[in-house]
Amino acid sequence: MCILPQILREIMTDKNKKTDLIRGLGLTAAVMLVAGSMIGSGIFRKPSTMAGQLGSPELLIIVWIAAGLITLIGALVNAEMAGMFDATGGQYVYFRKMYGDFTSYIYGWSILSVIQTGSQAAIAYVFAEYIGYFVKLLQLSQAWQDFTVYIPLVGDIHPFIDFGTKAVAILAIIFLTIVNYIGVVFGGTVQTVLTYLKIIAIVFISFLLIVFGSGSFSNVYTGFSIPESTLTNLFSLIGLSFAGAFWAYDAWNNLTFVSGEVKDPQRNVPLGLTYGVLIVIGVYVLINIAYLYVLPVGQMADSPLVAASAAEVIFGNSGASIISLVVIVSTFGALNGSILATARVPFAMAKANLFFKGFGKVHPGFGTPHISLVIQGIWSCVLVMSGSFDTITDYVIFASWLFYLLGAYGVFVLRKKMPDHPRPYKVWGYPYTPIIFVVFAFFFLVNSIVSDTENAMMGLILVATGLPMYFFWKYYKKKNIVE
Numbered sequence: 007m008c009i010l011p012q013i014l015r016e017i018m019t020d021k022n023k024k025t026d027l028i029r030g031l032g033l034t035a036a037v038m039l040v041a042g043s044m045i046g047s048g049i050f051r052k053p054s055t056m057a058g059q060l061g062s063p064e065l066l067i068i069v070w071i072a073a074g075l076i077t078l079i080g081a082l083v084n085a086e087m088a089g090m091f092d093a094t095g096g097q098y099v100y101f102r103k104m105y106g107d108f109t110s111y112i113y114g115w116s117i118l119s120v121i122q123t124g125s126q127a128a129i130a131y132v133f134a135e136y137i138g139y140f141v142k143l144l145q146l147s148q149a150w151q152d153f154t155v156y157i158p159l160v161g162d163i164h165p166f167i168d169f170g171t172k173a174v175a176i177l178a179i180i181f182l183t184i185v186n187y188i189g190v191v192f193g194g195t196v197q198t199v200l201t202y203l204k205i206i207a208i209v210f211i212s213f214l215l216i217v218f219g220s221g222s223f224s225n226v227y228t229g230f231s232i233p234e235s236t237l238t239n240l241f242s243l244i245g246l247s248f249a250g251a252f253w254a255y256d257a258w259n260n261l262t263f264v265s266g267e268v269k270d271p272q273r274n275v276p277l278g279l280t281y282g283v284l285i286v287i288g289v290y291v292l293i294n295i296a297y298l299y300v301l302p303v304g305q306m307a308d309s310p311l312v313a314a315s316a317a318e319v320i321f322g323n324s325g326a327s328i329i330s331l332v333v334i335v336s337t338f339g340a341l342n343g344s345i346l347a348t349a350r351v352p353f354a355m356a357k358a359n360l361f362f363k364g365f366g367k368v369h370p371g372f373g374t375p376h377i378s379l380v381i382q383g384i385w386s387c388v389l390v391m392s393g394s395f396d397t398i399t400d401y402v403i404f405a406s407w408l409f410y411l412l413g414a415y416g417v418f419v420l421r422k423k424m425p426d427h428p429r430p431y432k433v434w435g436y437p438y439t440p441i442i443f444v445v446f447a448f449f450f451l452v453n454s455i456v457s458d459t460e461n462a463m464m465g466l467i468l469v470a471t472g473l474p475m476y477f478f479w480k481y482y483k484k485k486n487i488v489e
């Protein structure tokens, strides 16, 4: 029996026996949610593109370290706010305290409509692509593949191209939605196991590459010999390489979305953010050194699947199979972390009476935001079928960093607005570290506008689609029509 009509009825109502989520995530689960959400497919693909942009192994390692430290500062800023407000919804709740309903709603709308759900579709698709390395996936006839639908702002989409890959991606989303529907403890346990597996695998492969790879550390340090082509456009190319690194480091704030389900959140959320980001910085720098050890930077730039190329050095033809298995585990874990965390944002919006009441419902048996999880899963599956998620994620990098800038600046707003509010954790290096993050984010956004104008502007347009929805909710809330 189809449960969708029942779910749609529940979305519009607020009748529910249970209203509180379960605090079932400890410190280990918190750390693993941060690290597991960050480590997805980016570290297996982006280093090749970045090597081509920079042409220097030293610059490549510096960018990975610098991007990691900037991410860490952002996490520390969020840690202060997480200590102040332990409610489910994370950054959405923080924006509401800082700037009010408007900014927080636009952020929440963007997270649900494009930023996180688009990322889920992209991660699930990469997962399915690597499944296809081992299993032949279904392809429909050319007539079906030629079927086209035009969508404003996105362009022509072909929903039936690579149908088998899309079907596997959708099955992965459905399966992990069910896992997290059943309970946050179960979802957190799955996340912890998958994260341990992929960290161990990446560290082990790095160790094997360096010890048995017959490479040279002269590939890693060349005396800062930077190609003239890089020097000519140094600022722009470094900015583009940072964009690649930040894509791999993204999702560090997923933990804040589930603050309301973390045990002792004022302690465990700040520690989870800090430890999780530090682990990922270490893992990313290590694997990039290992890549460079066996592949000179030029060869690395010519290897789109750089991890597979590096693994072939020690594993031969089996290298691609081994890396494919690691990517499958890695993307599956990242997808689980995103599904677990993102559903809590519309849940928080509904609790603030700025979204459909049903999104704020808690399952009476499982204690999870089940309606929010199901609708999120449906929309992510739609994005998978559209095939437009790659375009969408290109668009929203700019918007994501605009929100990161606003979030970091918000620590100054809250210090002035709520000077006496208890702060179990205060951001290290205040005010200098938040200033560094804000200034860096500003220049990163400026560079994005200059070097990638179309995607930056399209990202803003997609975010702006939330404006009509915001005014709809504000107006009808006053008129008691959507109560």
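Heads up: the sequence shown at position 55 corresponds to 61 in the numbering used here, and the numbers run straight through without jumps.
The beta-carbon is built from N, C-alpha and C at its ideal position, and this holds for glycine as well.
Item: Name the DSSP beta bridge partners of V268, please?; Value: L31
Item: Determine, using beta carbons only, whether N260 and N84 come nearer to each other than 7 Å.; Value: no
Item: From the DSSP secondary-structure annotation, give me the bridge partner or partners of V99.; Value: DSSP, once it has assigned bridges, lists no residue as partnering V99.
Item: Run through DSSP, which three-state label would V368 get?; Value: strand
Item: If you reduce the DSSP assignment to three classes, tell me which class A175 lands in.; Value: helix
Item: Taking three-plus beta-carbon pairs below 8 Å as touching, is the region 210-230 in contact with the region 56-66?; Value: yes
Item: Assuming N84 is part of the alpha helix (DSSP H), what are its boundary residues?; Value: 63-90
Item: Which of helix, strand or coil does DSSP assign to W253?; Value: helix
Item: Do the region 313-326 and the region 114-134 make contact, defined as three or more Cβ pairs closer than 8 Å?; Value: no
Item: According to DSSP, is R429 helix, strand or coil?; Value: coil
Item: Work out the CA separation of T262 and L78 for me, nearest whole Å.; Value: 14 Å
Item: From this set, F50, A127, L75, which residue's C-alpha is nearest Q382's C-alpha?; Value: A127
Item: Within the chosen definition, does the region 175-186 reach the region 368-382 through at least 3 CB pairs nearer than 8 Å?; Value: yes
Item: Could you have a look at S378 and say whether DSSP puts it in helix, strand or coil?; Value: helix
Item: Considering only residues of the same chain and omitting the five flanking positions on each side of I137, which have a CB-CB separation below 7 Å?; Value: V174, I334
Item: Which of the three DSSP states, helix, strand or coil, is assigned to W407?; Value: helix
Item: State the start and end residues of the unbroken alpha helix (DSSP H) segment that holds K52.; Value: 48-60
Item: What residues in its chain sit with their C-beta under 8 Å from that of N549, if we drop five residues either side in the sequence?; Value: What the structure shows of the chain is the stretch from 7 to 489, and residue 549 is not part of that stretch, so it cannot be assessed.
Item: Taking the Cβ atom as the reference point for each residue, do Y187 and T374 lie within a distance shorter than 7 Å?; Value: yes
Item: State buried or exposed for L144, treating a residue as buried only when at least 16 other CB atoms are found within 10 Å of its CB.; Value: exposed
Item: Name the two residues that bound the continuous alpha helix (DSSP H) containing V226.; Value: V226 -> no alpha helix (DSSP H), and no H or E assigned at all.
Item: Under the assumption that I71 contacts F446 (Cβ atoms under 8 Å), give the Cβ distance between them as a whole number of angstroms.; Value: The pair is not a contact, with the Cβ atoms about 14 Å apart (cut-off 8 Å).
Item: Under the rule that 16 or more other beta-carbon atoms within 10 Å means buried, what is M56, buried or exposed?; Value: buried
Item: Under a Cβ-count criterion, where at least 16 other Cβ atoms within 10 Å of its own Cβ denotes burial, should L82 be classed as buried or exposed?; Value: buried
Item: Determine the DSSP secondary structure at W349, reduced to helix, strand or coil.; Value: Note that residue 349 is Ala in the sequence shown here, rather than Trp. Correct three-state label for A349: coil.
Item: Using 7 Å as the threshold, is the C-beta distance between F443 and G80 below it?; Value: yes
Item: Measuring CB to CB, does G339 end up less than 7 Å from G42?; Value: yes
Item: Can you grab the Cα-Cα spacing for the pair I320 / L301, in whole Å?; Value: 12 Å
Item: Are the CB atoms of S309 and Q59 nearer to each other than 7 Å?; Value: no
Item: Among residues of its own chain, excluding the 5 on either side of F50, which ones have a beta-carbon nearer than 6 Å to its beta-carbon?; Value: A313, V333
Item: With a 10 Å radius around its C-beta and 16 neighbouring C-beta atoms as the bar for buried, classify D152 as buried or exposed.; Value: exposed
Item: Taking only the alpha-carbon atoms, compute the straight-line gap between K363 and V69 and give it to the nearest angstrom.; Value: 44 Å
Item: When you compare each of E267, I467, D168, L292 to A207 by their alpha carbons, which one comes out closest?; Value: L292
Item: Kindly list the residues whose CB is nearer than 6 Å to the CB of T109, restricted to its own chain and excluding five residues on each side of it in sequence; keep chain order.; Value: F101
Item: Excluding five sequence neighbours on each side, which residues of the same chain lie with their C-beta closer than 6 Å to the C-beta of M355?; Value: G114, F361
Item: According to the neighbour-count rule (16 or more other Cβ atoms, all chains shown, within 10 Å of its Cβ), is Y290 buried or exposed?; Value: buried
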